[in-house]
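Sequential numbering of the first sequence, starting at 348, is according to my numbering.
A quick write-up on the structure given underneath.
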Amino acid sequence: MPFSIATWNINSVRLRMPIVERLLVEHAPDVLCLQETKVPDELFPEKAFRKLGYEHIAFHGQKGYHGVATVARRPIEVVERRRFCEIEDSRHLSVTVRAGGKTILLHNFYVPAGGDEPDPAVNVKFAHKLAFLDELHAMEKLRPRSGERAILVGDLNVAPLEHDVWSHKQMLKVVSHTPVECEKLNAARNAGGWIDSMRVHTPEPEKLYTWWSYRAMDNWKAADRGRRLDHVWTSNALADRISAIKIAKDYRGAARPSDHVPVTATVEI
DNA sequence: ATGGTTGCTTGGCAA
């Protein structure tokens with residue numbers, strides 16, 4: 348049976364409930380993982396999700412910044428809300444869900460953006476990002492066991508491959524595509540045996556983007572200077588079970604859009 | 001060209 352999971356950096360879930368509702372109606376994923384919810388847990392708009400049939404809600408939020416949430420049409424159980432770099436940021440949430448008689452572990456991540464200056468010696472935000480990626484790499488507990496069904500999604504804030512950005516050459520010194528962070532993200536993925544399912548589905552050199560800057564003065568769609576910052580990784584056990592991956596690019600053109608668009612993966616379980 | 005826009009909050013970060 349098909350099981351679908353969507354991931355979306357929503358950049359304030361309360362502000363963008365109208366387009367979240369549109370996604371849930373139009374795409375109806377079984378599970379939606381949100382990042383940058385920017386809302387403390389006690390103010391999470393649970394009612395709006397419940398009304399749309401997403402009655403199972405887990406969150407790890409904080410006031411003003413960051414925050415992740417996982418909402419589902421079927422029961423989920425919270426596994427962990429992990430703290431990274433000994434900083435009390437809300438950047439991770441893992442849950443389990445049952446599908447087709449099987450249990451799937453779902454990780455929802457929001458990796459630090461890292462600021463603008465790509466030098467950890469002068470930019471503590473970039474140093475934090477690199478430390479976060481190192482911690483991800485070292486995390487034994489994150490690595491799927493043999494045969495385990497697991498999916499890791501989220502805004503990983505790194506576009507690791509040449510064709511994950513509009514211009515590899517022009518992006519080499521731009522945070523999100525510097526060699527050091529691309530190598531660290533790839534190393535963390537390899538250490539866990541995770542599969543980059545978006546790139547299995549759409550290999551290079553085809554361009555793949557999930558984010559278009561707010562700052563660009565030109566028309567985002569015409570210029571198409573995007574980056575692939577959002578990812579769907581699967582454990583080996585699910586690697587050949589992905590039947591579809593859809594980047595919902597049209598949501599970037601919605602009224603009051605997020606700068607990220609939803610990515611939905613369908614798994615045959 | 002060190003800009004530009006957006007959100008949370010009302011001054012200034014973070015993205």
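Note that CB positions come from ideal geometry on N, CA and C, so glycine has one too.
Between Thr443 and Val415, the C-beta gap is not smaller than 8 Å, which leaves the two residues out of contact.
Cβ neighbours of Arg445 within its own chain (closer than 6 Å, five residues either side excluded): none. Measuring C-alpha to C-alpha distances from Leu532 to each of Ala602, Lys476 and Ser590 identifies Lys476 as the nearest.
Between Arg361 and Pro392 a beta carbon distance of about 6 Å is seen, short of the 8 Å cut, so the two are scored as contacting.
In the three-state reduction of the DSSP assignment, Ala601 falls in the coil class. Beta-bridge pairing by DSSP links Cys380 to Thr354 and Thr417.
In the structure shown, the three-state DSSP call for Asn533 is helix. Judged by DSSP secondary structure, Trp567 falls within the alpha helix (DSSP H) whose first and last residues are Trp567 to Ala570. The stretch 537-544 makes contact with the stretch 486-503, as at least three CB pairs between them are under 8 Å. Boundaries cannot be given for Ser523, as no beta strand (DSSP E) includes it and DSSP labels it neither H nor E. As the crow flies, the alpha-carbon of Trp513 is around 32 Å from that of Met486.
In the three-state reduction of the DSSP assignment, Val579 falls in the strand class. Pro387 and Ile404 have their C-alpha atoms some 14 Å from each other. Ile542 carries a strand assignment under DSSP once its states are collapsed to helix, strand and coil. For Thr613, the beta-bridge partners assigned by DSSP are Ser351 and Ala591.
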